[in-house]
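Chemist: Would you mind keeping the following structure in view while I ask a few things?
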Amino acid sequence: MKRLLLDTHVVLWWLQGSDRFKDSIVVLLKDARNEVFVSAASVWEIAIKQSLGKLEAPDDLLDLIEQSGFAALSMSSFHAEQAGRLPLAHKDPFDRMLIAQAQAEGLILVTHDEAILSSGVRCLDPIGTR
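Using this note's numbering, the letters of the sequence shown correspond one by one to residues 18 to 147.
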């Protein structure tokens, strides 16, 4: 069993039915034995970018996430504290939260973000070679 945390762009790609995923990632995300989480930070990021007109996302985002079999991961005070202690190389507050949550909860972060992939955090690249 694997425990995975999806980066925001991965959530959006999945919900849009993107065909860019490696077959091995599709198998992992569809396998009911694995726990796949979507952070409240990702939902927040999507909502903010949507309200600013920078992103189009489905109005029934939470329902679609649930229908995909993904579990919600709330943000805790501990996660916030850990995010604040990360090296300043990670400037994006949403990325910082996802990294902190992945580390605190023992999750593998599924991301195509090169800055995160090269940071030493346990990651899987859904379309690349990592």
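We put the CB at the ideal spot given by N, CA and C, even for glycine.
Going straight from the alpha carbon of residue 21 to that of residue 49, what length do you get?
Modeler: Answer to the nearest angstrom: the Cα atoms are 12 Å apart.
Chemist: DSSP on residue 56, reduced to helix/strand/coil?
Modeler: Note: residue 56 maps to strand in three-state DSSP.
Chemist: Since residue 133 sits in a beta bridge, which residues does DSSP pair it with?
Modeler: For residue 133, which the question treats as bridged, DSSP gives no partner whatsoever.
Chemist: Going by other Cβ atoms of all chains shown within 10 Å of its Cβ, with 16 needed for buried, is residue 73 buried or exposed?
Modeler: Exposed, because fewer than 16 other Cβ atoms sit within 10 Å of the Cβ of residue 73.
Chemist: Around the Cβ of residue 98, are there at least 16 other Cβ atoms within 10 angstroms (buried) or fewer (exposed)?
Modeler: Residue 98 comes out exposed.
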